[in-house]
Each structure stands twice: as C-alpha cells, then as structure tokens.
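First to last, the protein sequences are chains A and B.
When we follow my numbering, the leftmost residue of the first sequence carries the number 1, and every step to the right adds one.
When we follow my numbering, the leftmost residue of the second sequence carries the number 307, and every step to the right adds one.
Even glycine gets a Cβ: it sits at the ideal position worked out from N, Cα and C.
Below is one structure, written out as structure tokens, with a few remarks after it.
There are 2 protein chains.
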Amino acid sequence: MALEISPQKTRVGFIGTGVMGRSMCGHLVAAGYQTTVYSRTKEKATELIERGAAWAASPREVAAAADVVISIVGFPSDVRQVLLGESGALAGCKAGNVIVDMTTSEPSLAVEIAEQAKKRGVTSIDAPVSGGDVGARNATLSIMIGGDAATVTALEPIWKTMGAKWIRQGGPGAGQHTKMVNQILIATGMIGVCEALLYGYKAGLNLETVLESVASGAAGSWSLSNYGPRIIAGNFDPGFFVEHFIKDMGIALAESRRMGLAMPGLALAEQLYQAVAAQGHARKGTHSLMLALAHISGFDWLNRPK
Amino acid sequence: MALEISPQKTRVGFIGTGVMGRSMCGHLVAAGYQTTVYSRTKEKATELIERGAAWAASPREVAAAADVVISIVGFPSDVRQVLLGESGALAGCKAGNVIVDMTTSEPSLAVEIAEQAKKRGVTSIDAPVSGGDVGARNATLSIMIGGDAATVTALEPIWKTMGAKWIRQGGPGAGQHTKMVNQILIATGMIGVCEALLYGYKAGLNLETVLESVASGAAGSWSLSNYGPRIIAGNFDPGFFVEHFIKDMGIALAESRRMGLAMPGLALAEQLYQAVAAQGHARKGTHSLMLALAHISGFDWLNRPK
Numbered sequence: 001m002a003l004e005i006s007p008q009k010t011r012v013g014f015i016g017t018g019v020m021g022r023s024m025c026g027h028l029v030a031a032g033y034q035t036t037v038y039s040r041t042k043e044k045a046t047e048l049i050e051r052g053a054a055w056a057a058s059p060r061e062v063a064a065a066a067d068v069v070i071s072i073v074g075f076p077s078d079v080r081q082v083l084l085g086e087s088g089a090l091a092g093c094k095a096g097n098v099i100v101d102m103t104t105s106e107p108s109l110a111v112e113i114a115e116q117a118k119k120r121g122v123t124s125i126d127a128p129v130s131g132g133d134v135g136a137r138n139a140t141l142s143i144m145i146g147g148d149a150a151t152v153t154a155l156e157p158i159w160k161t162m163g164a165k166w167i168r169q170g171g172p173g174a175g176q177h178t179k180m181v182n183q184i185l186i187a188t189g190m191i192g193v194c195e196a197l198l199y200g201y202k203a204g205l206n207l208e209t210v211l212e213s214v215a216s217g218a219a220g221s222w223s224l225s226n227y228g229p230r231i232i233a234g235n236f237d238p239g240f241f242v243e244h245f246i247k248d249m250g251i252a253l254a255e256s257r258r259m260g261l262a263m264p265g266l267a268l269a270e271q272l273y274q275a276v277a278a279q280g281h282a283r284k285g286t287h288s289l290m291l292a293l294a295h296i297s298g299f300d301w302l303n304r305p306k
Numbered sequence: 307m308a309l310e311i312s313p314q315k316t317r318v319g320f321i322g323t324g325v326m327g328r329s330m331c332g333h334l335v336a337a338g339y340q341t342t343v344y345s346r347t348k349e350k351a352t353e354l355i356e357r358g359a360a361w362a363a364s365p366r367e368v369a370a371a372a373d374v375v376i377s378i379v380g381f382p383s384d385v386r387q388v389l390l391g392e393s394g395a396l397a398g399c400k401a402g403n404v405i406v407d408m409t410t411s412e413p414s415l416a417v418e419i420a421e422q423a424k425k426r427g428v429t430s431i432d433a434p435v436s437g438g439d440v441g442a443r444n445a446t447l448s449i450m451i452g453g454d455a456a457t458v459t460a461l462e463p464i465w466k467t468m469g470a471k472w473i474r475q476g477g478p479g480a481g482q483h484t485k486m487v488n489q490i491l492i493a494t495g496m497i498g499v500c501e502a503l504l505y506g507y508k509a510g511l512n513l514e515t516v517l518e519s520v521a522s523g524a525a526g527s528w529s530l531s532n533y534g535p536r537i538i539a540g541n542f543d544p545g546f547f548v549e550h551f552i553k554d555m556g557i558a559l560a561e562s563r564r565m566g567l568a569m570p571g572l573a574l575a576e577q578l579y580q581a582v583a584a585q586g587h588a589r590k591g592t593h594s595l596m597l598a599l600a601h602i603s604g605f606d607w608l609n610r611p612k
C-alpha cells in the first residue's frame, strides 16, 4: 500500500522542540496536521500545545499516536535514546509507520536505525537540514535525505511545509553524509574568514572597505557575507552553537577515519574549535572562532584597539 | 598641477604582457591610449604591437616614453627589477609621472617603491587585481588600491578600462594587503572544497547531487560553485597557477609573522600546496589541491573508481 501523506490522513509525531524543532513542528501544525509532541523540556513545547498539538509523555507514546514520527534532538546519543531506547519511538511504531530523523547525527547510526526499523516493518529516513534557525522559521531549509526512494517521494507534503529544497542523496545514511559535506565546507571556510579578517585588521585596513573589494569575487562565500559584518561588529550571538558544531566535526572526522581519509583541514578546524570552547565560547555562534584566533595571537578581538 | 588622464593627453607604459597584462594592456590600446610596452618575452607583446603599441627595449625606456607606467609581472623579485633596477622604470621617470604596480606582490615592497618614487617626484600606486584571466579579458577585474588618494582618483579613466570595481584601501601597500586578505580566503576555502568533495566521494555519494544540496546555502562559496564541477570532472586546467598561489601565500605568511599573527589555516594551506607542487602540479590550477589530497590518502583522483 503506497504511503499517502496529507493533513487529513496523516497523524504526525514530533520529538524535540528546541530552536529548530519548534519552528519546524509549528509549520506542520499550521498546515493542519494532527500533531503529538514530546520534548525533554516540556516548557519548550508550550506554544505548540497552545496551538493545538497534543502532548505525550515519551517518544514511544508519540509514536503510538502517529503515522509519521519526526525527531530533531541534540546529539547522536539523544537520537539513539529517543528512537531506539526502551521508551523510544520505534517501540511505539506499528508496521507501515515512518520515522524521519532530522538531527545532524552519525551516518552509521542512521543505517542502524533503518535496519532496526525494517525488522518491525517501519521505514526510517535520515533528513538533516541546513539553513539554521532562520531557515526553520521561514520554512526555507535545505533538507538532505537518505532512505527508501518511494517513501522520500511520498513525504513531499511534509518536506514542503518546512523546506525550500529537499533532495534525496541515496539510501540510509546518505542524508547524514551530505550534511557532513556541508559542515566540512563551513568549518574550513570559517578559518579562512577569520584569519583573513584578522590579517586585514592587523595590517591596519578598514575591514568594511576590504569586504567591498573581496566579498563578491573569487574569495566570496556565504560565511564571509553573512558572518563577516557580525565579526567586525563584535556580535557573536549564535546562529549555530559552537558545541553543536564540534559534535558535527567529530562525526565527520570519525567517519573519515573509518573510510581511510586524511582530513588535515577539518582536523585543524576541530582543534581550533576545541580552543573556542576551552576559552568559554561553547554557547556562542560558530563565527566566534575569531575570538579564539585573536586570543591565540595575544589580543582580545572585542576590545581591540581601533 | 592636478593629474589629468585621458587617451588624448596621457601616454601609457606597460610592463609585463603575460596572460593578465596582455588583456589589460589591450583595453588601454583599444581605448586609444598611446602605449609603449615591454615584456621579458617579446613574442608575448606581438599582438599588442600589431595593434599599435610601441615596443621599448627596457622598463626604463618604457618609462621615458610614458606619463603613467603600469606593471604586472610574476614575482616580487621581478617587480623590484622592473621598477627599481638599473634599467627599471623609476630610472626613466620624470617628476610628475605615476607608477602603478598591479602585480600581486609584497606590501612592504610597495611601501619601499612608493618611498623611492617620492624622492624623484614620482607617485607610486599598488593596485593588484582579482578576477583572473577571464576578468582581465572582460575588463571586470576587482582592483584593490593603495597609495595617494588624489592620484588614485585621477587614475579613474584607467581603472575603468580594465576593472568592474576599484576601491582605494589606504596608503602605499594597502592594495597588496587587501589582495592578501583575498588570497587567505581562497587558500583556506579551497581546503574545505576539496576535503568536502573527497569525503562525499568516499561516502559513495553522487557529488553533482551533493552540490545541489549544499552549494546555494550556508556552505556555499564562489570556489565551490566554480571549481567544484571542474574538480568532479577532473579538469585541472589553470585559472590561476599553483606556483603563483604559493608565492602569494608565502607573502601573506611573511607579513603575518612580521605583524605577530599566528595563521594556522593559512600555514596548513601553504604546506598542502607545497605538496601539490612536489607532486608535479605547480603549473596546474589552484583546485588541483584535490589531486594532492587524494594522493595523501592513497588514491588517484583522476582514475578513481566510480
């Protein structure tokens, strides 16, 4: 029986209503899906409940009340717990249900979940996203998907509620691997953005004017255009937390090791971000790499002499 | 007396008619400037001479026949020779002349040239460019300028013949420093592009499809969009030579050292590009970093199993 998804026919379960999940689940509620939510901290689900979502006491109970269960939590260990644990979603699923994990997590764990799910007649899809809190809020996420092709196609109405782009990259784990490609690009690129601005500052240049010369040409990047001005202004509020980025780089390095790949740039980025965290910036944004790099060279970026 | 630049009033000298210089000088000839050229290899100037440029036997003779002397050569040592050497341009200049060095070269050398020039009543401007051979051909270069503000403004008719963007970044050397910012961004960003694609390949992903997911979002960059497809296709023809890029990174590292800045990402990039050159790719394009990274992990990118 082909999977048919619509607000009328499909009950959705949602696990994890943090910064990302709250917005994403909100779009499903707004689209009219009957939604049941669970989050480690119930207060984070209050607004969704007020808007009509039902509350369940565990991921397992979420699954029992849903046809499609979506999760977006913090770390791979959280994914394992909310999906494969005793009170996890899979334990509450019936044959024919679908699990969609949108956490950025381990490709190998995505494969394991898909295998466990299959044994119960459940299809599991990995579908991490890029686009951050703004993309989640505006439903403009890029969704990178791994898993059964027919199921991925059937889920289009759901992708559409939260994403501007959704692409199936292959079987189980392929969504996670693609997200790793994304994070490797951002990690190493951020070193360039910070070192380049650090150099320009030390050379006595006006960094705003420098950005005018370099940001739209061969040296240009999304990170430079979006984080460059914030770095110059000294605004290190998180778009994406350093501690989550360190998790992602750790996954990419572990997978690289497993695949027999030397990744000198990624390894350096991970180490520099360890310094960022060690200096107390784990809950700042990823562009606070600048604070650590300036500190390494002996000065305080936020109080730099003009 | 204010400097007035026009094809009617201004005689231009041009030193260095390589891939970049040939196109740039060609725009001046096309605009109607009376132009005298010198190049180490005369054959490279043949086409310009056929189009009406005069030939001079040395940079000094170029300068003697010109009001504004432009140079774009290979290495800082070449800049020193063609501008400050015995048969160099400065020796042929009269008071009121202008020297414009558009080579990517040392900021400190730009300062030295400006000081030497000043003693003879000559104004020297550093004005390296980005945009590559295509930008030179299409007159869409981004010109990063250091030197006397009034002179930079007076030179607008000349900037306009070859550039889409020209921005004064400060006094002597500021153009070169800005170009270093540009190169630092490209160097470190290229590590990310290559490692990310390497990871995606090893993970068994379809790299074209991966680019669709990641290139237009937060991981996007000019390098990824422009070099990504060429790397996947195995086309490592030079847009910009590895050996020139190594020169640029060496300058940026030396300046960083002088300024008391640790640049771990740039240092890693420089070392990886030393490996690229050591593996025989000095005259390939900068994106051939991919060949070296694959080689480091024990396989041949050009003959990778599909």
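Residue-level contact to chain B via CB, Y273/A, 8 Å cutoff: For the purposes of this step, residue 273/A is identified with residue 273 of the first sequence, where counting begins at 1. It does not; no Cβ of chain B falls within 8 Å.
L268/A at chain B interface by Cβ criterion, 8 Å: Within the first sequence, residue 268/A is the residue found at index 268, counting from 1. So yes, L268/A belongs to the interface.
Cβ of I296/A within 8 Å of any chain B Cβ: As a working mapping, residue 296/A is identified with position 296 in the first sequence. Closer than 8 Å to some Cβ of chain B, the Cβ of I296/A qualifies, so yes.
Rounded C-alpha distance that separates T161/A from A539/B: Sequence index remark: in the first sequence, residue 161/A carries index 161 (1-based). Sequence index remark: in the second sequence, residue 539/B carries index 233 (1-based). T161/A and A539/B: Cα-Cα distance of roughly 35 Å.
Contacts around E576/B, its chain only, beta-carbon distance under 8 Å, and the 5 residues preceding and following it disregarded: Position 270 of the second sequence, counted from the start, is the residue given in the question as residue 576/B. Taken in chain order, the residues that qualify are A493, I552, M555, G556, L559.
Pair within 8 Å by beta-carbon distance, Y507/B and L513/B: Within the second sequence, residue 507/B is the residue found at index 201, counting from 1. Within the second sequence, residue 513/B is the residue found at index 207, counting from 1. The beta carbons of Y507/B and L513/B sit closer together than 8 Å.
Partner residues on chain A for L511/B, Cβ-Cβ distance less than 9 Å: The residue you call residue 511/B lines up with position 205 of the second sequence. Under the 9 Å cutoff, chain A gives Q169, G170, A174, H177, T178, V181.
Chain-ordered chain B contacts of Y38/A [CB-CB under 9 Å]: Looking up residue 38/A in the first sequence gives position 38. Residues of chain B passing the Cβ test: none, with the nearest at roughly 29 Å.
Closer than 7 Å: A262/A CB and nearest the ligand NAP heavy atom: Because no ligand of any kind appears in the structure shown, any question about the ligand NAP cannot be addressed here.
Y38/A in three-state terms, based on DSSP: The count along the first sequence starts at 1 and reaches residue 38/A at position 38. Of the three classes helix, strand and coil, the one that applies to Y38/A here is strand, per DSSP.
Residue nearest to G338/B in terms of C-alpha spacing, selected from G327/B, K348/B, I419/B, V318/B: Locating residue 338/B in the second sequence gives position 32, where the first residue counts as 1. Measuring from the Cα of G338/B, the nearest candidate turns out to be V318/B.
M20/A beta carbon less than 8 Å from that of A136/A: Your numbering for residue 136/A matches position 136 in the first sequence. Your numbering for residue 20/A matches position 20 in the first sequence. Result yes, Cβ atoms of A136/A and M20/A sit closer than 8 Å.
Integer-rounded CB distance, given that L185/A should sit under 8 Å from A584/B: Mapped onto the second sequence, residue 584/B falls at position 278. Mapped onto the first sequence, residue 185/A falls at position 185. Not a contact, Cβ separation roughly 26 Å.
Euclidean distance between Cα positions of S216/A and E243/A: In the first sequence, residue 216/A corresponds to position 216, counting from 1. In the first sequence, residue 243/A corresponds to position 243, counting from 1. Taking the straight line joining both Cα atoms gives about 30 Å.
In DSSP terms, what K471/B is bridged to: Your numbering for residue 471/B matches position 165 in the second sequence. BP columns for K471/B point to S448/B.
Beta-bridge partners of I72/A, as assigned by DSSP: Translated into the one-based positions of the first sequence, residue 72/A becomes position 72. Bridge partners of I72/A: none, in fact.
C-alpha gap between D373/B and I464/B, whole angstroms: Indexing the second sequence from 1 puts residue 373/B at position 67. Indexing the second sequence from 1 puts residue 464/B at position 158. So the alpha carbons of these two residues sit roughly 12 Å apart.
F320/B (DSSP reduced to helix, strand or coil): Taking the first residue of the second sequence as position 1, residue 320/B is located at position 14. Strand.
Beta-carbon proximity check, Q169/A vs I145/A, cutoff 8 Å: As a working mapping, residue 169/A is identified with position 169 in the first sequence. As a working mapping, residue 145/A is identified with position 145 in the first sequence. Contact: yes.
S307/A at chain B interface by Cβ criterion, 8 Å: Residue 307/A lies beyond the range of chain A shown here (1 to 306); nothing can be said about it.
The segment 218 to 245 of chain A: positions lying closer than 9 Å to chain B by Cβ: A218, A219, G220, S221, W222, S223, L224, N226, G239, F240
Cutoff 8 Å: G132/A Cβ touching any chain B Cβ: Along the first sequence, one-based indexing puts residue 132/A at 132. So yes, G132/A belongs to the interface.
Selection from P365/B, V375/B, S411/B, Q489/B that minimises the alpha carbon distance to G402/B: Along the second sequence, read from residue 1 onward, the residue named residue 402/B stands at position 96. Ranking the options by Cα distance to G402/B, first place goes to V375/B.
8 Å Cβ cutoff, G556/B in contact with chain A: One-based indexing of the second sequence puts residue 556/B at position 250. Judged by the 8 Å Cβ criterion, G556/B is not in contact with chain A.
Rounded straight-line distance, which links the Cα of A588/B to that of S142/A: Mapped onto the first sequence, residue 142/A falls at position 142. Mapped onto the second sequence, residue 588/B falls at position 282. Cα to Cα, S142/A sits roughly 37 Å from A588/B.
Cβ-Cβ distance between R60/A and G16/A below 8 Å: The residue labelled residue 60/A in the question sits at position 60 within the first sequence. The residue labelled residue 16/A in the question sits at position 16 within the first sequence. Remark: C-beta atoms of R60/A and G16/A do not approach each other more closely than 8 Å.
A493/B: contacting residues in chain A (beta-carbon distance under 8 Å): As a working note, residue 493/B is residue 187 in the second sequence. Close partners of A493/B in chain A (Cβ separation under 8 Å): G192.
Whole runs of the alpha helix (DSSP H) within the segment 375 to 440 of chain B, excluding any shorter than 4 residues: 382 to 385, 395 to 398, 413 to 425
is_contact[M102/A, chain B] using C-beta, thresh 8 Å: Here residue 102/A is taken as the residue at index 102 of the first sequence, counted from 1. Not one chain B Cβ lies under 8 Å of M102/A.
Spatial distance of G171/A from D133/A (CA atoms): Position 171 of the first sequence, counting from 1, holds the residue named residue 171/A. Position 133 of the first sequence, counting from 1, holds the residue named residue 133/A. Each residue's Cα considered, the two are about 27 Å apart.
Cβ neighbours of L530/B in the same chain (closer than 7 Å, five flanking residues each side left out): Working through the second sequence from its first residue, we reach residue 530/B at position 224. So the qualifying residues of the chain are V499, A521.
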